[in-house]
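Shown next, in structure tokens, is the structure this report addresses.
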Amino acid sequence: MLLYFIYCFSFLVFLKSLIPLKPLPPSWTSEVRLISLLFCEDLSVKSIPKLFNRFWILHLCQVVKRMSLMKKTLTSSKVENVEDTNGMSVLDLPDLVLECILERLPPESLSQMAGVCRSLRERCVSDHLWERHMKQKWGRVIGPVAYREWKWHVASKRNVGSPKNGKQRSLMRLVTLHWPFSWMRSRLDEINNNNINSKSSLPSDSMMTWYLALETGNFWFPAQVYNRENGHVGFMLSCYDAELSYDPHTDTFQARYPPHGRRAVAIEHGIQWERLRSPPVDTPPHDLHITDCLNDLHPGDHIEIQWRRNKEFPYGWWYGVVGHLETCDGNENYCRCHSSDTVVLEFNQYTPDSRWRRTTISRKDHREEGNEADGFYGGIRKIKTEREIAIWKCLWPSEVLD
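Counting in our numbering, the sequence shown runs from 2 upward without gaps.
If you want it as structure tokens, here you go:
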């Protein structure tokens, strides 16, 4: 609250120094009316902080632009006795206040501020501002594997050289994809044209570049998809590796799955956010995961195990629980299943008489086990967080599988 008071108070002082108590110029009147209509329309669905952020960014962009035009006009016409020739600018705000404002701007507004002037651009493209936005929106689906892929992507583009001019996209053109109103885009074009000679290109390895590449769908990143191929019955309660691309128009993803044997690459559209996760382990889909939790498995533990149809297929991760041996009645006071060399894994989404319901593995000498009829079981990872368990339970099929 104290920070809000500080920068709100500075904002009011700043406005007082900029806005005289005179009627608005004719060129401002229509814009103020339009802004008022837009704010009134969104009042029922937008929160106050969002409305404040929108007003703040629109006002700053307009004020900076007006001040720039005013100074040019005064210089060219040699007008005398003007009090605000050296008036206050946005950058005259205290550093702490300005930094607090920028930290609270949404990505769209922060991108827009980067097009106002060079000084604001240097602040707005800094990694520490964009790391928070990256973590907030993409943290659950972007992990170390995706980051490594991005670094490789950036390095490969550097090695190849600069892309052709026809394929280049400026920072401002990427920003316009997120502007909610067409008239705003025209404003940005004006600002862009006025400052085009003074702006430098955005660093290819910056956090903002990565965020925009993800947000516009230009970068395909590795992640995992729950219940692949639109929840096909053959993939219920599984999670498979894929390459993902974001569609900003529908707020969904497109997935490309690795080929299965002779089968071509499978493509799925319209994947919702809740069906995605970053890979919890750094194991490629065709490699056997090295299991390190066998001695810690007890009945009732939640696990994921690799499984593939045959050895030409990539592994998927399948959800299950550790069960009791047939010789155990499940009584906790007498259960010794955790000390046995045999571990029972149960997949309760299947009927009791299904061949997929239970399997056993060796605790001391576990390796890939199975056959061409039932498939091959690979490495195991123990699920340790309630959040992961809750996700699997939310994906539970409405009917028991055969």
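Glycine is no exception: its CB is placed at the ideal position from the N, C-alpha and C atoms.
Sub-8 Å separation of residue i and residue j beta-carbons
i, j, result
"Lys98", "Ala115", "Just to set this straight, residue 98 is Val in the shown sequence, not Lys. No."
"Val345", "Gly331", "no"
"Asp283", "Pro145", "yes"
"Tyr241", "Gly321", "no"
"Ala265", "Glu230", "no"
"Pro405", "Pro315", "What the structure shows of the chain is the stretch from 2 to 403, and residue 405 is not part of that stretch, so it cannot be assessed."
"Leu277", "Val117", "no"
"Ser205", "Lys152", "no"
"Arg356", "Thr343", "no"
"Arg358", "Glu347", "yes"
"Ser131", "Met209", "The sequence shown places Trp at residue 131, rather than the Ser named in the question. In contact: Trp131 and Met209 (Cβ atoms closer than 8 Å)."
"Gly380", "Gln273", "no"
Residue i: first and last residue of the uninterrupted alpha helix (DSSP H) it sits in
i, result
"Val142", "It is not in any alpha helix (DSSP H) - Val142 carries neither H nor E in the DSSP assignment."
"Gln350", "Neither: Gln350 is in no alpha helix (DSSP H) and is coded neither H nor E."
"Glu313", "Segment: none, Glu313 is in no alpha helix (DSSP H) and carries neither H nor E."
"Glu100", "96-105"
Expected contact under 8 Å - CB spacing of residue i and residue j to nearest Å
i, j, result
"Arg382", "Pro281", "7 Å"
"Met402", "Val226", "Note that residue 402 is Leu in the sequence shown, not Met. Rounded, the Cβ-Cβ distance is 19 Å, inconsistent with contact."
"Ala147", "Phe222", "4 Å"
"Ile390", "His303", "5 Å"
"Trp319", "Ser239", "5 Å"
"Tyr378", "Ile362", "7 Å"
"Arg310", "Gly376", "5 Å"
"Arg124", "Leu106", "That pair is no contact at about 11 Å."
"Phe254", "Leu245", "5 Å"
"Phe220", "His154", "7 Å"
"Asn228", "Leu396", "6 Å"
"Leu326", "Ser341", "6 Å"
"Arg257", "Ala243", "6 Å"
Host beta strand (DSSP E) of residue i (start-end)
i, result
"Arg382", "376-383"
"Trp397", "Careful: Trp397 lies outside any beta strand (DSSP E) and carries neither H nor E."
"Val117", "That residue, Val117, is in no beta strand (DSSP E); it is neither H nor E in DSSP."
"Arg309", "303-309"
"Ile362", "359-363"
"Val322", "317-324"
"Glu370", "370-372"
Suppose only complete runs of 3+ residues qualify. What are the beta strand (DSSP E) ranges in the stretch 208-284, listed by chain order? 222-227, 239-248, 253-258, 267-272
Counting Cβ pairs, one atom from each stretch, are 3 or more of them under 8 Å apart for the stretch 245-255 and the stretch 326-343? no
At least 3 beta-carbon pairs within less than 8 Å: the stretch 382-399 vs the stretch 363-374: no
Decide if the stretch 204-224 is in contact with the stretch 287-300; the criterion is three or more beta carbon pairs, one per stretch, under 8 Å apart. By the C-beta criterion, the stretch 204-224 is judged not to be in contact with the stretch 287-300, since fewer than 3 inter-stretch pairs fall below 8 Å.
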